[in-house]
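Each residue of the sequence shown is one higher than the one before, counting from 1075 in the working numbering.
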Amino acid sequence: MKKSLSVGQRRIRWAAGGVLCVLSISVLPVAVARVQPAAELSRIQKEVQELTESVADIGQLKFLNALELTDAQLEKILAVVTSLQEEHNLRLAQFDQTALKKIAADIRTARRIALSGKPVPEELNDRINKAIDAHLKNTQKRQELFNRTLADLSQKLREILTPEQIATAARIAREETEKLKQGVKGNEAQWFNAYVQSVILGYPRIVPLLQEMRAARVAERQGE
């Protein structure tokens, strides 16, 4: 991992320069400090995000690799997951849009008033807050959308995977659940759905992760 030198490290490297070193150090940190913080913060945040995502990916890959997917299966799963994820996100966006459109005029009016420096009328503010609260509490509709996507994805994956792979996925879901809570019952179909929900549908980075799995396989074949 590359690290930028701190002021202290620069001082050590320049120590043999005598007076010239002291003069350089007294000026250089001031100039660097003006341009580095934003860039350094961005670099650090990017590295932290990359490492955090990598740790999460390792856990997901453990469960994906256990299925021993063929290249053809991986391609099909990637296509199915990408398509269903887009459809699911579109349904959620449409759901949110429908709710917000009902109070769109109120929201724009309140914002215009606030920008002018005036207080938003209490009645207007309450009307917006009540509408948004009601929308956020409508968990039934969100759950229906999620269940629909889960059912579609589980069915499509059953058409791609072998019976042995489906059984493996179900076993993984059962074992991992039992680690958290003993005595949870379910049949193979239910456990398979639990695997699909946790490992694939519930993982935000599943599409890029599957893409990286495919790329790694291509790179490995080319290196042989």
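Glycine residues also receive a C-beta, built at the ideal position from the N, C-alpha and C atoms.
Linking GLU1160 to LEU1235 through their CA atoms gives a straight-line distance of about 22 Å. Rounded to the nearest angstrom, the Cβ distance from LEU1231 to VAL1270 is 6 Å, consistent with a contact under 8 Å. Residue nearest to GLU1252 within the set ASP1131, ASP1145, ALA1268 is ALA1268 (criterion: CA-CA distance).
Nearest neighbour of ARG1201 by Cα position, chosen from LEU1224, LEU1174, ALA1167, turns out to be LEU1174. DSSP, reduced to helix, strand and coil, places LYS1150 within a helical segment of the structure shown. Taking C-beta atoms as the reference points, ALA1243 and PHE1266 count as a pair closer than 8 Å.
In the structure shown, ASN1199 falls within a helical segment according to DSSP collapsed to helix, strand and coil. The C-beta of GLN1168 has fewer than 16 other C-beta atoms within 10 Å across all chains shown, which makes the residue exposed. Around the beta-carbon of ALA1247, 16 or more other beta-carbon atoms lie within 10 Å, marking it buried.
A distance below 7 Å between beta-carbons, with the five flanking residues on each side excluded, links PHE1137 to the following residues of its chain, in chain order: ILE1246, VAL1273. Look at ALA1188 here: in three-state DSSP terms it is helix.
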